[in-house]
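Trainee:
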Amino acid sequence: MTDTEHVVEAPGVPALAEPVAPLVGKRREALHFALRNRKVVGGAVVILAFLLLGLIAPLFTDHGPNEYVGPPAAPPSADYWFGTTTFGQDVFLQFANGIRATFVVGVLGGVLAGLIGMTIGFVAGYRGGLVDELLNMLTNIVLVLPALAVLIILHAYVGITSVPMQALFIGLFSWPWVARAVRAQTFSLRSREFVDLARLSGMRPIAVIRREIAPNMSSYLFMTFILLFGGAVLMAATLDFIGLGPTDVVSLGLMMNSAVHWSALHLGLWWWFVPPGAAITAIVGALYVMNVGLDEVFNPKLREM
Amino acid sequence: MHRRSRWLVAGVLALTLGVAGCTGGDDGAATSGAGGLPGPAGGGGGAYPRNETLYTSGTQWGPPNSWNPIIPGYAMGTVGLAYETLFLFDPEKTEITPWLAEKGEWADKTYTLTLREGITWGDGKPLTADDVKYTAELGKIKAVPYSNLWTWLSAVDVVDPRTVKFTFSDPRIQEWENWLYENAIVPKHIWESRSEADITTTANDKPVGTGPYEYLTHDQDRMVWKKKADWWATKALNLDVKPNYIVDIVNSSNEVALGLLLQGNMDLSNNFLPGIANLVKGNFNIKTYYPDPPYMLSANTAMLIPNTTKAPMNDVAFRRALASSIDTKKIVEGVYGNIVRAANPTGLLPVWDQFVDQSVVSQNGFAFDTAKAKKALADAGYKDTNRDGFVEGKDGKAVKLSLIVPAGWTDWMEAARVISAGAQAAGINVVPEFPDAGALDDARTAGTFDLLINNWAGLSNTPWHYFNYVFQLPIQAQQFSANFARYESKPAWELVQKLARTPQDAPEFKATMAELERIHLTELPMIPLWYNGLWSQYNTTHWTNWPSSAADTPKDLPTTWNNLWEMGSIKMLTQLKPAAG
Amino acid sequence: MSRYFGRKLGIYALTFVVAVTLNWIIPRFMPGDPVLRMLTRTSVSNPEAIAPMRTYYESVFGLDVPLWRQYLNYWVELFQGNLGVSVWLFPAPVADVIVRAVPYTLALLLPSILLSWWAGNKVGALAARRKWLDNTALPVSYALTATPYMWLGILLAWGLGIVAGVFPVAGGYSFELRPQWSWTFVGSLAQHWFLPFLSLFMVAFGGWAIGMRNLIIYELEADYASYLAALGAPRRLIRRYAFRNALLPQLTGLALQLGVLVSGALVTEIVFAYPGLGHLILQAIQNQDFFLLQGIFLFIVIGVLAANFLIDIVYVLVDPRTRTGMQGAT
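Residue numbers (full-length UniProt numbering), protein chains in the order written: chain A, 1 to 305; chain B, 1 to 581; chain C, 1 to 330.
1) Looking at chain B, is there any beta carbon in it that lies within less than 8 Å of the beta carbon of D134 (chain C)?
2) With C-beta atoms as the reference, is V178 (chain A) less than 8 Å away from A232 (chain A)?
3) Per the contact definition of three or more C-beta pairs closer than 8 Å, is the region 459-467 of chain B in contact with the region 491-511 of chain B?
4) Alpha carbons only, please: which of B:A311, B:A416 and B:A426 is nearest the one belonging to K397 (chain B)?
5) To which residues does DSSP link Q537 (chain B) through a beta bridge?
6) Counting pairs of beta carbons, one from the region 267-284 of chain A and one from the region 144-155 of chain C, are three or more of them closer than 8 Å?
7) Check whether chain C comes within 8 Å of L260 (chain B), counting only Cβ atoms and requiring the distance to be less than that.
8) Hey, would you say S2 (chain C) sits closer than 8 Å to L292 (chain C), going by beta carbons?
9) Got a sec: which bits of the region 236-255 of chain B sit with their beta carbon under 7 Å from any beta carbon on chain C, in order along the chain?
10) Closer than 7 Å: is that where the CB of W191 (chain B) sits relative to any heavy atom of the ligand PLP?
11) Measuring straight from C-alpha to C-alpha, what distance separates W561 (chain B) and L180 (chain B)?
12) Would you mind telling me which residues of chain B sit closer than 8 Å to G88 (chain A), beta carbon to beta carbon, in chain order?
13) Who pairs with I453 (chain B) in a beta bridge, going by DSSP?
14) Which residues in the same chain as D327 (chain B) place their Cβ atom closer than 7 Å to its Cβ, once the five residues preceding and following it in sequence are excluded?
15) Near G171 (chain A), what residues of its chain come up, given a Cβ to Cβ distance below 6 Å and the 5 sequence neighbours on each side ignored?
16) Going by C-alpha to C-alpha distance, which of B:V241, B:A407 and B:V430 sits closest to L401 (chain B)?
17) Between I98 (chain C) and F290 (chain C), which are expected to be in contact by the criterion C-beta below 8 Å, what is the C-beta distance as a whole number of angstroms?
18) Could you spell out where the alpha helix (DSSP H) holding G305 (chain C) opens and where it closes?
19) Near K577 (chain B), which residues of its chain fall below 6 Å by C-beta distance, leaving aside the five closest residues on each side in sequence?
20) Which runs of the alpha helix (DSSP H), 4 residues or longer, sit entirely within the region 215-245 of chain A?
21) In this structure, what does DSSP give as the bridge partners for Y215 (chain B)?
22) Quick check on this structure: which residue in A:S263, A:G245, A:L287 and A:G253 has the alpha carbon closest to the alpha carbon of residue 591 (chain B)?
23) Between the alpha carbons of T370 (chain B) and S162 (chain A), how many angstroms are there, rounded?
24) Cα separation between V340 (chain B) and P294 (chain B)?
25) Would DSSP call W530 (chain B) helix, strand or coil?
26) Touching or not, the region 302-311 of chain B and the region 372-387 of chain B, by the rule of three or more beta carbon pairs under 8 Å?
27) Please confirm whether V289 (chain A) and G42 (chain A) have their CB atoms less than 8 Å apart.
28) Under three-state DSSP, which class holds G207 (chain C)?
29) Since T53 (chain B) is in the beta strand (DSSP E), which residue starts that stretch and which ends it?
30) Reducing DSSP to helix, strand and coil, say where D292 (chain B) ends up.
31) Opposite G337 (chain B) in the DSSP bridges: which residues?
32) Give me the chain A residues within the contact set of A407 (chain B), using Cβ-Cβ distance strictly less than 9 Å, ordered along the chain.
33) For a test of the three-state rule: what should DSSP assign to G458 (chain B), helix, strand or coil?
34) Starting from S263 (chain C), follow the alpha helix (DSSP H) in both directions and report where the run begins and ends.
35) Under 8 Å between C-beta atoms, does P274 (chain B) make it to chain C?
36) Is there a C-beta anywhere in chain C that falls below 8 Å from the one on D221 (chain B)?
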């Protein structure tokens, strides 16, 4: 197979920048550029704003997001910023709580998928040979199975009853492209002098991966995590929307599900289904934009654009 | 360079617009309805003329795939439009009225049934006593749902081509009447060539019945019936079904039905449509049976079913406390927006009001009262020993009960949340859970649940049906249709069986009912909550004269739900009038 | 070349075996009993009837033989195109149920995938060299690719379907028509198809456009581009090379995205009540119809595998390097 095939991933994931040592100086430099990159700063601001909203807003109320607090089906007003549902639940309160769930799923799912993908990628790339063959095969199999279909099957048999569980399942099926990319990178790093040096000095393979290879890919891994975060958020919203997510917590997908089921479209309750989708779009969009910004930061050649 | 890039952008745009434009063009061709809505195709080839066609929905949740009247799960109208029953049940007068049969008479342990003259099958052959005997005897096949008929029926004899004599070992009058109007007669000359296994598994895709409609076509998302040239009731009863076509739309979801109804592309929706109350008041040509709350007739009783084989649900004091912790009013108003009614504590549908003994209800009934529920729990010895806000069981272990309703049943899911909140406020830790409908069926059948909601106590010819649902014995390892609470009371079951044998006009009937109500209310094996509506909303743009509570309008049940055609819904079709005149 | 395809085919075959096996194993070792489902459905009232009916349904579903035999039978039946009997739509065969829904799903998927890929690449490539387009198309693309499929679907259904009333929001074709070869009918099909197609197209389009734009920029920064530029090659030529090279990873991306696109189609169908596999899959779950669920899953896996293989072939045809050196790395 060719190299191109390994390096490039899902759309929006740019090819990997060449890692360059020394690291500390590079990090400081990256931070310098990151803080001056409009995309990075803008994306981060949006994400932080949503995160804060999700964390803080629910604290200012003494009732749960599912309680019937207001008049039924009221449009947005000073009392109920995003209006109320057919039952008189406060949409804004649900929205804020939903954002929490969204971040939990995104972070947990993203971290898990990242860890699995990196582990498999590092090991396959570093060890090569039979181990590589087997892991590669595993990667390819999981890669080809459509994640949503698998998750639907899993839900039908096991049931997805909590947000962490949902994140776990999503994480378990969204790592393959990470593994591929990391493997290819490890492959190329493995033959670098500093890695050879470490190996010759008697370092154990895990230590080599941890101390020599991973840090050189840290920028890339961080960007990978951002994309996984976004992917997990979208996947969770999809599952929630078709009613296959946890039902005991409020999530943005579940809000859209309820809105559709209770005929919000036909009854004109747009305030019920517009905010949750808009929030997902904004969060995921901000993540993607930040990703591109970071790419420019880590890859100096692109800064001129 | 420049030219090329512009060309590309233009190309992409043109493509997008082109697709849109060409669709828009077709749109024009396909539409003649007002406001650009997808409307009738102007009588073009292949279309059903709008003023001759009734569009319905609310019965089928999956592609039509069976027209076998013997096995439940058949396409909408298989029984009712194509196959017919011997009697109909009139829910207004609460009595059965002859349909295919002309009359039926009891004489001790025999029942002699006379068929109407001049009824023919769709293939022109006459309906005879042999067909009736054949249909009843299908019950000897174990896999036929009414096979338990033969535990109390001993013989069916053909007296002459129009007369059949049924001989009973145990004449259960109420149950027999139920059989008479619930089961469709099938033509022996077509069915007798089928093996036992075939009879219960065939899709029977060319149904030949006695009814007013015949199969025309079906697709993934619709079932189409076409009016037959001559139907016996036109001559015999001066009844004529008005729509030439009935297109029943498979429900993908309730909101789709609402959309079609609002656009006038659907005439009768038997879906649960949240928010319908506002639309009835608005200017949308949408009507319901009542112009005001509860808008709908009551179809069945939604019951909270505790698994009485598990602690603490096996304790009547606990069940009573649970019952008074539930804010039914909040369910009726908040969840349903007043389109349902709170149930009478006995759970008997409003049509049986005459049999409700008010003194029993006032003595033993229950009502929402959180303080009382708390006190009842404390009195019965349930205490919150670990101070988590919820009572523990008598053995000191924490009590956490899951209340299950099927995922996707949005109204019940919301109601379950209200019930749980009420119970938690009273100190009972009830948690709503939403498994798939299938998993819930398993739990209910096998008795592995804590609490669930079920509404299979529906409208029928006799309140016996209701108490049979509550008290049926013996308890099996798997309970398929009744007594899901697995509550064992021999005296109650004796009374239920007595009810089955007693005619409704006998004074004994009322007394037996009162006794059953007393046992039900003191023991509360199931907790009646609200009457689920006979969801029914009509658009009057194309068809008028729908059933309603107003004077001089038909009073038939306005529904297409299977099992309700034989409760007189079929007559609704004979009353409709095309709006255009 | 044959070795390359041999490897690929090997992996696909293995994936297929794994998928089929998983598919077979899961319902048999999980709670939920199709026979009980049928008994519940027919609501048997006669206790004596339960045992014979259980035996009967077990033979209908092929559960009355030892497990290893069931597994073998499963494979044999599979190759005969027999996926068992649906529980929910008993007695309809699963294969029939799926075959009736598939045309709708394919009609959404194929055009939206191909068109969005083509249009996205073109626009992305343009954006990479036009500042104004970059500044407009790029933000829009980011928003689109971050949009959940169902939300875009809901917005379109609400805006164009319900508020504006221009498009229908449910069904595969008008309920007033019978399928036939007429303009009215084809028009009705197109009208019902358009909104679900559009929402799929738009979301996917955003992703491709961004991918292509970024890839082109990378390519233009690559050594060969600078080298060519230094040699005085026309920018147009360099860009053409860049586009060519960028297409390859986009092609790989297409293969990687297939699963996501299929998911998108399933959800979109649910939003628009489009009579494809999406609605079926949901119903299969709610009714615990494992046989139908398995059938759909298998169908999707086979579809994705076939598409992957097709992309592999195209890849080889497009990429000159693979044609010669594919025995190389890995």
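Every residue, glycine too, gets a C-beta built ideally from N, C-alpha and C.
Mentor: Here's the rundown:
1) In the third sequence, the residue the question calls residue 134 (chain C) occupies position 134. Chain B, which has no Cβ nearer than 8 Å to the Cβ of D134 (chain C), makes this no.
2) On the first sequence, residue 178 (chain A) is found 178 positions in, with the first residue counted as 1. On the first sequence, residue 232 (chain A) is found 232 positions in, with the first residue counted as 1. No.
3) yes
4) Residue 397 (chain B) sits at position 397 when you count from the first residue of the second sequence. When only C-alpha atoms are compared, the closest one is B:A311.
5) On the second sequence, residue 537 (chain B) is found 537 positions in, with the first residue counted as 1. Q537 (chain B) is bridged to B:S269.
6) yes
7) Residue mapping note: residue 260 (chain B) aligns to position 260 of the second sequence, counting from 1. L260 (chain B) counts as touching chain C.
8) Here residue 2 (chain C) corresponds to residue number 2 of the third sequence, with the count starting at 1. Here residue 292 (chain C) corresponds to residue number 292 of the third sequence, with the count starting at 1. Contact flag unset, no.
9) V247, I249, S252 and S253
10) The ligand PLP is absent from the structure shown, which contains no ligand whatsoever.
11) Here residue 561 (chain B) corresponds to residue number 561 of the second sequence, with the count starting at 1. Here residue 180 (chain B) corresponds to residue number 180 of the second sequence, with the count starting at 1. Approximately 18 Å between the Cα atoms of the pair.
12) In the first sequence, residue 88 (chain A) corresponds to position 88, counting from 1. Under the 8 Å cutoff, chain B gives G334.
13) Taking the second sequence and counting its residues from 1, one reaches residue 453 (chain B) at position 453. DSSP, once it has assigned bridges, lists B:L304 as partnering I453 (chain B).
14) For the purposes of this step, residue 327 (chain B) is taken as the residue at position 327 of the second sequence. Counting only Cβ-Cβ distances below 7 Å, and skipping sequence neighbours, we find F368, V418 and G422.
15) Looking up residue 171 (chain A) in the first sequence gives position 171. Cβ neighbours of G171 (chain A) beyond the five flanking positions: G109, L112 and A113.
16) Translated into the one-based positions of the second sequence, residue 401 (chain B) becomes position 401. Ranking the options by Cα distance to L401 (chain B), first place goes to B:V430.
17) Taking the first residue of the third sequence as 1, we reach residue 98 (chain C) at position 98. Taking the first residue of the third sequence as 1, we reach residue 290 (chain C) at position 290. That belief does not hold up - the Cβ atoms of I98 (chain C) and F290 (chain C) are roughly 14 Å apart, past 8 Å.
18) Against the third sequence, residue 305 (chain C) aligns to sequence position 305. Sequence check: residue 305 (chain C) is Leu here, not Gly. First-last of the alpha helix (DSSP H) with L305 (chain C): F290 to V318.
19) Translated into the one-based positions of the second sequence, residue 577 (chain B) becomes position 577. Cβ within range, chain order: T544 and N545.
20) 218-241
21) The residue given as residue 215 (chain B) occupies position 215 in the second sequence. DSSP output for Y215 (chain B) lists B:W225 as bridge partner(s).
22) The question about residue 591 (chain B) has no answer, for chain B in this structure spans 1 to 581.
23) Residue mapping note: residue 370 (chain B) aligns to position 370 of the second sequence, counting from 1. Residue mapping note: residue 162 (chain A) aligns to position 162 of the first sequence, counting from 1. Taking the straight line from one Cα to the other gives about 30 Å.
24) Working through the second sequence from its first residue, we reach residue 340 (chain B) at position 340. Working through the second sequence from its first residue, we reach residue 294 (chain B) at position 294. Cα-Cα distance, rounded: 5 Å.
25) As a first step, residue 530 (chain B) must be located in the second sequence, where it is residue number 530. It is a strand residue.
26) no
27) By 1-based counting over the first sequence, the position of residue 289 (chain A) is 289. By 1-based counting over the first sequence, the position of residue 42 (chain A) is 42. Taking 8 Å as the Cβ cut-off, V289 (chain A) and G42 (chain A) qualify as a contacting pair.
28) Position 207 of the third sequence, counting from 1, holds the residue named residue 207 (chain C). Helix, per DSSP.
29) Counted from its first residue, the second sequence places residue 53 (chain B) at position 53. Start and end: T53 to S57.
30) For the purposes of this step, residue 292 (chain B) is taken as residue 292 along the second sequence, with counting starting at 1. Coil.
31) Within the second sequence, residue 337 (chain B) is the residue found at index 337, counting from 1. Per DSSP, none; premise fails for G337 (chain B).
32) Within the second sequence, the letter at position 407 stands for residue 407 (chain B). By Cβ distance, chain A contributes G243, L244 and T247.
33) Locating residue 458 (chain B) in the second sequence gives position 458, where the first residue counts as 1. Looking at G458 (chain B) - three-state DSSP - the assignment turns out to be strand.
34) The sequence position of residue 263 (chain C) within the third sequence is 263, counting from 1. Unbroken alpha helix (DSSP H) run through S263 (chain C): R235 to V271.
35) Working through the second sequence from its first residue, we reach residue 274 (chain B) at position 274. It does not; no Cβ of chain C falls within 8 Å.
36) Locating residue 221 (chain B) in the second sequence gives position 221, where the first residue counts as 1. So, interface residue.
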